[in-house]
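In full-length UniProt numbering, the protein residues as written are 1 to 372.
A short worksheet on the structure shown next.
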């Protein structure tokens, strides 16, 4: 990735008081699902960023009674291209059938409030809860079971809000969770109560009976308050975490060992080493956007085509900056995408089939499409 000429392909108009909170896409989609702060989900074309013809917005607050609650999480189903998942604290976890625009399933665990969730490729839903009394639970449901009752609950792993729940991309029984208590917990769900597949094992567990945290939990990583986590590497055998203090850490997923503590990304990126491709001839140098100090981390991306671990971060002035995390103790600045946003960037999404297309959402309400 080398940013020399302006790579902004599309830009939507700014919106007063409405912005995109989360975005999701997946292979097989020619659109981005964008969850807005007014609780609507728009399916926007990857080419134009405009709502796709024949697919109206999903009005989340028209289908269930939580009009005043802001939904914040969004993810595509790993198996069914017609399903989209979202969640809210009291709404629980909901799936939408994109063919009808209606809620297909809903899972809630009142009085616990959902903080985070994920769905694996085998029909198992896992949700991390806010701290209530002394427990911050992880609750599981099997989408194949009628009634929506939890099939398993872990109550003894975290002592504060569970901010992240992430299934391994290819191993459905492998799970990582992160919390504001500063812990990342690694689980093998197949080891808990049964050697069968994760949903089947979960279905055998009584949600009102004893929890099997100890059987499934095989490693605890101590870090700081966890903002986000994800997998990376050719076989997704590694784990990254970004803390609320903007610190990036890399771990071996299966062993839980620390590979690298990158420290505060705001300080680490102040002394970036320019990629060799950025040291171009003098007439091109003037076209390279000036690097501005990073304010907040947005995401960490494993670019499979280049085998590169990339940190994506935003500045106070709305620039989107990319860095190669690399294997050394410094980051390499890959470039900055400028001129699209006037306010803080809220999130990024990547085209499922083209690594050179990235969408960004800003607090001023704009969406931008960039070609790297």
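Just so you know, even glycine gets a beta-carbon here, dropped at the ideal spot from N, CA and C.
Under the rule that a run must span 4 or more residues, no alpha helix (DSSP H) segment is found entirely inside the region 315-346. Cα atoms of residue 315 and residue 267: separation of roughly 13 Å, rounded to the nearest angstrom. In the three-state scheme derived from DSSP, where H, G and I count as helix and E and B as strand, residue 14 is classed as coil. Beta-bridge partners of residue 368 (DSSP): 11, 360. Separation of residue 179 and residue 129 (C-alpha to C-alpha, rounded to the nearest whole angstrom) is 10 Å. Around the beta carbon of residue 246, 16 or more other beta carbons sit within 10 angstroms, so the residue counts as buried.
Taking the Cβ atoms as the reference, residue 349 lies roughly 6 Å from residue 32, within the contact range of under 8 Å. Cβ contact annotation for residue 371 (same chain, cutoff 7 Å, sequence separation greater than five): 7, 9, 356, 357, in chain order.
Judged by DSSP secondary structure, residue 301 falls within the beta strand (DSSP E) whose first and last residues are 296-303. The Cβ atoms of residue 326 and residue 344 do not sit closer than 8 Å to each other. Under DSSP, the beta-bridge partners assigned to residue 139 are 127, 153. CA-CA distance, residue 113 to residue 297, rounds to 26 Å. DSSP places residue 268 in the uninterrupted alpha helix (DSSP H) bounded by 265-268.
Annotation for residue 216: the continuous alpha helix (DSSP H) segment containing it runs 213-216. Judged by DSSP secondary structure, residue 227 falls within the beta strand (DSSP E) whose first and last residues are 226-232.
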